[in-house]
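K.L.:
What follows is a structure written as structure tokens; I'll ask about it next.
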Amino acid sequence: MKYKEKIFSDSSDEEPILTPYKDTGKSKETSSSREEPVAPNDDELPIINLQSETEEADDPVIVHHRHVRPASLYESLDYEICENTLWKADYKRRSQKLIFRKDLARWLIFLVIGIITALIACTINIAIDTFSEMKYGFLAKSVDENLHNGNLYVPYLYWILTSIIPVGLGAALVTYLEPVAAGSGIPQVKCYLNGVKVPRIVRIKTLVVKAIGVVTSVIGGLAGGKEGPMIHSGAVVAAGISQGKSTTFVKDFRVFRYFRDDHEKRDFVLGGASAGVASAFGAPIGGVLFSLEEAASFWNQSLIWRILVSSTISSFTLNVVLSAYYGQTDFTITGLFNLGKFDELPYKYFEIPIFVLMGICGGLLGAFWNTTNSRFHLFRARYIKPGWGKILEAMAVSLLGVSIACTMMYVINDCRTLGKDPTSYPVKLFCGDNEYNAVAALWFQTPESTAKALFHDPPESHQILTVAIFVVVYYFLSCLTFGLNVSLGIFIPTVLVGAAWGRLVSMVLQHMCPTATFLHPGKYALIGAAAQMGGVLRMTISLTVILLETTGVDSTFAFPLIITLITGKFVGDFFNEGIYDIVIRINHVPILPWEPPLKYRSLKASNIMSSPVVCVKMREKANYIIDILKRYTYNGFPVVEDVQGNDRSKGRVCGIILRSQLTVILKESLYEEKKRLWQDQISIETFRNEYPRYPTIDKFELHLDKHDYTVNFDIFMNPSPVRVGEDDSVARIFQTFRALGLRHMIVVDNENRVRGMLTRVDFIFKED
Amino acid sequence: MNAAAKIIAIAALFLCANAEVQGKKGQTCEKLLREYAANSSHFIQCTIDYGVPVMYCLNCAGMYQDLKTGYDNLLNGNELLKNATEKKCFDIYFNQDRLNIVSQSHDVLTNFWSEAFCRECIDSNGTVSDETKAFYQFNDKYQTCQTKSKDFCVDCKGFYVDLNNKYKDITKNKQICFDIQDSMNRTRTFWTQTCGHDAPKASLVAFAAVSSTLTSIPILFYCGFFIYYRRREENHQIIDAQNTERENPEPSHSGERLWNVPSTSTGFIESNSTLNLEAKSQADDAGSDEDLLL
């Protein structure tokens, strides 16, 4: 987002603190504008145009450019139901039967969301499994074959080829087909649920790219997992199914029309995200809690119940399908990410301080990870700009990972006797015939299997040195990998790093006091994983439950997990935010925090509102509407009456009309003069049919003889916008704004005249 | 006589008859139980006899068979019980108390069998699989050689390699009969201890050359991009600086009044980008945004 720079002369004492994640490009611009001699007009400052660095300014008229904010990349969602006359008429017409049918349809959609999400998860899982088995089986064989003629670089080259080709493919898909599918997907879904419309996030194309992308990058052996993408996929499925139409395929099934607004869609997306968590982790309750934790401002009891049912169905479907695929009769495969069941993890009271220490360690490591990762991100944003560069980068990182892994494998001669530990692809390398190489066992599988092995391998499966080097390498590798232009999640690498150093702790302790019996390596791996996740992700409620559900430990172990997570989060929060919030911040998404910014709490509405407001009169000329639509990028226009002269911005508020409604009105020619033509056909459906891609105003040309036509907003506008007094405290109105999921808040004086407008960005503290 | 009494009478008759059947069956069932107990003890003795080194899959297959049959008889009844109506030995020996020893013992014993993946080398009819037979042929050759030969590291190497290769074939399956696995592990351990293993030690030079070349690619990649864009950025800064100089002296506000949005001579202050209350109150100029997001 672009803000105009405040003049430096009167603001130097109030300069807000810069965040560490400030876009470097922007800060550069800022400083350069600061060094400039005084602008001709004291109060005027040059516009900050981020794009000017790389692109030519697309707006030739500079004056325009200064006053009208360019359209933001992110829009808000309209959660407020527009209860206009049309809506009321529709509501009255609805019989009891229709309401029942709508409820039934809602349940049905939630069920289908659960099932389809699980099926997508199954497909991804089976694809990854099949290809990985082929790849690592082939590589293990190749190592064996080439061992004796000394061509150890041959398997290395094969390994590189089988890694960079899929990775390059996935990166190309993401870069050229659907860039929004990059990364984990959880930050995007979080933004969506917070009320920000991230463009193209819930399209079917995104889903396809995401799914294929995640398969290719996991096969390519990048340090990442498939959980984040699964959650995103669930959200896309939900948004797609609930609408009963596909804009991509230009197909309208003419069902579920009554769900076509942001409010209903959000509820379904919430369900989809939670079904995604449920199928990714086999954790239905964790899924529900995830959706609560990320979007808890809007929920009610019946919605949560539907979400839980849909999550449970999702994890059940996955279970059935995967169990059938792997030929198991009992439904034991509970999630994509299965850490394997722990039988019992007894712990002693004196271990709790150790857990706390590990939590602190996890917090520090996590905070450092986050900082390093955001540094990498800024580096990429600044220096690696072309699409092909991003693809090459993904391939380069993959190559680097393979090289390090291969070197480790050849150099560290950690031999373990075969037969005690179930290794999928035992590679002998320089070990005896009865032994396998423990380093190769760590690398020759998907990260998920490695994590599982670290949790469940019996003690003495690795040397301390092996695990120590593995931790260091994987820590930095995962840090370098997250943020590449591929579709990959962050959950598994974090678990893996945490599990590895947790296991390392238990191995070192065991080495120091060989008689201690409580040092179960799996238990410490789990605590390490919890600490690392507390430090990196900073999620609390859902993470605890997800860990409990995926590992199947009984709830007595919840206490150590929670202690570790809390410490990890607390220590990490001391330094920076969770990785998802960092990603959101780096992308400049205006996400609403839980609380109003500290500096705003003592202020009044009039201090933070934007004014003057572009308003429309109750009866307005068509060409005025077109002009303001073309001129401004705003989305809500207060409808006013009692206007003195032409000064609309001081009128009395009687409603609010949205840009989307205005464009539909113009498109359908709903003019007052032609009322007899459309009066009988008009209904709320006219507006719903256009959702969610409303016509844009850019290409709209008004026919000459329609210029003087007027639009009467009486039946279209929302007659009950949320109004606040100009002296109301920001803390109070923030609560209202967030709890109701509002988009516009009109600030009025005590005569009900417009004073200003409050929207999402006004509540977000401006750092620059 | 009313209906209730009738029912009671019939029920009493049925119970008596049933007790009689049960008595008769009791004896048969006892016999079956003894059989099952004997089978179990044979089987467990066999497994322990052949426990270390593990060879019980092949050696105790018959006993396992007997154990299964005995248990099935007890569970489902057999020829002896054909005449008895519905009730079976199941009701006498199963789920009678907390210990439930009959089914517990069966679970433990069958676990021995399944844990060792015995059905991979011998199926439920007692037929030894072809793969197992082949493996033991190789094994026998090697073992004979080992016992006969004096310098067996040299003499038996061929047999050992053959055996090893055969085993590698078998390990393509996920589950390997533990008899085979254990035998092979022991053979390998013995061989490695006695003769050492001949894995090459110093062939990493070629690998080191290739890998260091390839690892330098990512580093070069990052450096290249860094330097290229650094330079480009510097050039842009110069251009940008020139541009801003050229743009700034344009205080034109034309077009502002079109929509009777008031415009002041003070210019444009982004009202919502500042906390300055002073500026805020004057912020009725045309430049302010209604909102930045929407």
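Protein chains in written order, with our numbering: chain R, 1 to 768; chain S, 1001 to 1294. Where a beta carbon is used, it is the ideal one built from N, C-alpha and C, also for glycine.
1. Val536 of chain R: which of R:Met409, R:Ser487, R:Arg743 and R:Lys569 sits nearest, CA to CA?
2. In whole angstroms, give me the CA-to-CA distance for Val754 of chain R and Gly401 of chain R.
3. Since Val653 of chain R sits in a beta bridge, which residues does DSSP pair it with?
4. Using only the alpha-carbon positions, how far apart do Asn752 of chain R and Val653 of chain R sit?
5. Name the residue from S:Tyr1093, S:Leu1032 and S:Asn1111 whose alpha carbon lies nearest to the alpha carbon of Thr1047 of chain S.
6. Quick check on Asn434 of chain R - is its C-beta less than 8 Å from some C-beta in chain S?
7. Would you kindly work out how many angstroms separate the C-alpha atoms of Arg382 of chain R and Arg1231 of chain S, rounded to a whole number?
8. With Ser274 of chain R and Gly287 of chain R assumed to form a contact (beta carbons below 8 Å), what rounded beta-carbon distance in angstroms separates them?
9. Can you tell me the Cβ-Cβ gap for Met230 of chain R and Ser310 of chain R, rounded? I've got them flagged as a contact below 8 Å.
10. Would you call Lys1031 of chain S buried or exposed, if buried means 16 or more other Cβ atoms sit within 10 Å of its Cβ?
11. With 9 Å as the limit, tell me which residues of the stretch 623–651 of chain R have their beta carbon closer than that to any beta carbon of chain S; keep them in chain order.
12. Helix, strand or coil, according to DSSP, for Lys135 of chain R in the structure here?
13. When Cβ atoms are compared, which residues of the stretch 401–412 of chain R fall closer than 9 Å to chain S?
14. List, in chain order, every chain R residue whose beta-carbon is nearer than 7 Å to that of Thr1189 of chain S.
15. What is the DSSP secondary structure of Cys415 of chain R, reduced to helix, strand or coil?
16. Can you tell which of S:Met1055, S:Arg1119, S:Ile1219 and S:Ala1037 has the C-alpha that lies nearest to the C-alpha of Leu1067 of chain S?
17. Whose CA, out of R:Tyr671, R:Asn373, R:Val214 and R:Tyr192, lies closest to the CA of Glu294 of chain R?
18. Between the beta-carbon of Ser772 of chain R and the beta-carbon of Gly498 of chain R, is there less than 8 Å?
19. Going by beta carbon distance, what residues of the same chain come within less than 6 Å of Val439 of chain R, once the five residues before and after it are set aside?
20. Check this for me: beta carbons of Gly170 of chain R and Val639 of chain R, under 8 Å apart or not?
21. Taking DSSP as the reference, what is the three-state secondary structure of Lys251 of chain R?
22. Check the C-beta distance from Ile404 of chain R over to Ile241 of chain R and give it rounded, since I have them as a contact under 8 Å.
23. Glu393 of chain R touches chain S at which residues, Cβ-Cβ below 9 Å?
24. If you drop the 5 nearest sequence neighbours on each side, which residues of the same chain put their C-beta closer than 8 Å to that of His148 of chain R?
25. State the start and end residues of the unbroken beta strand (DSSP E) segment that holds Ile746 of chain R.
26. List the residues that DSSP assigns as beta-bridge partners of Gly489 of chain R.
27. Comparing alpha-carbon positions, which option in R:Tyr347, R:Leu592, R:Asp457 and R:Val196 lies nearest Phe765 of chain R?
28. Would Ile17 of chain R count as contacting chain S if we go by Cβ distances under 8 Å?
29. Measuring straight from C-alpha to C-alpha, what distance separates Gly359 of chain R and Gly502 of chain R?
30. Identify every residue that forms a DSSP beta bridge with Ile1122 of chain S.
31. Taking one C-beta from the stretch 1216–1225 of chain S and one from the stretch 1157–1176 of chain S each time, how about it: are there three or more such pairs within less than 8 Å?
32. Tyr1093 of chain S versus chain R: which residues are under 9 Å apart at the beta carbon?
33. Does any residue of chain R bring its CB to less than 8 Å from the CB of Thr1085 of chain S?
34. Please state whether DSSP places Thr517 of chain R in a helix, a strand or coil.
35. Quick one, which residues of the stretch 1136–1155 of chain S are near chain R if we go by CB-CB under 7 Å, in chain order?
36. Look up Tyr436 of chain R in the DSSP assignment and say whether it is helix, strand or coil.
P.N.:
Quick answer:
1. Of the listed residues, the one whose Cα sits closest to Val536 of chain R is R:Lys569.
2. C-alpha separation (whole angstroms): 60 Å.
3. R:Val640
4. 6 Å
5. S:Asn1111
6. Asn434 of chain R counts as touching chain S.
7. Those two C-alpha atoms are separated by around 12 Å.
8. Rounded, the Cβ-Cβ distance is 4 Å, consistent with contact.
9. Actually they are not in contact, since the Cβ atoms of Met230 of chain R and Ser310 of chain R sit about 14 Å apart, beyond 8 Å.
10. exposed
11. Tyr624, Asp627, Ile628, Arg631, Tyr632, Thr633, Tyr634, Asn635, Gly636, Phe637, Gly645, Asn646, Asp647, Arg648 and Ser649
12. Lys135 of chain R sits in a helix when the DSSP states are folded into three classes.
13. Val402, Ser403, Ile404, Cys406, Thr407, Tyr410 and Val411
14. Asn434
15. It is a strand residue.
16. For Leu1067 of chain S, the nearest C-alpha among the options comes from S:Ala1037.
17. R:Tyr192
18. Nothing about residue 772 of chain R can be reported from this structure: the residues present for chain R run from 1 to 768 only.
19. So the qualifying residues of the chain are Met408, Met409, Ile412, Asp414 and Thr466.
20. no
21. Residue state, collapsed to three classes: strand.
22. With 8 Å as the limit, Ile404 of chain R and Ile241 of chain R do not qualify as a contact, their Cβ atoms being about 43 Å apart.
23. Pro1218, Phe1221, Tyr1222 and Phe1225
24. none
25. Counting along the chain, the beta strand (DSSP E) containing Ile746 of chain R begins and ends at Met745 to Val748.
26. R:Gly225
27. R:Leu592
28. Low local confidence applies: a pLDDT of 33 at Ile17 of chain R is under 50, so the model's placement there is unreliable, and no value is given.
29. 10 Å
30. S:Val1128
31. Note that the stretch 1216–1225 of chain S does not touch the stretch 1157–1176 of chain S; fewer than 3 beta-carbon pairs, one per stretch, sit closer than 8 Å.
32. Chain R residues near Tyr1093 of chain S: none, gap ~26 Å exceeds 9 Å.
33. Residue placement at Thr1085 of chain S is poorly supported in this model, since its pLDDT is 48, which falls under 50; the coordinates are not used for a value here.
34. Coil.
35. Considering only beta carbons, no part of the stretch 1136–1155 of chain S lies closer than 7 Å to chain R.
36. Strand, per DSSP.
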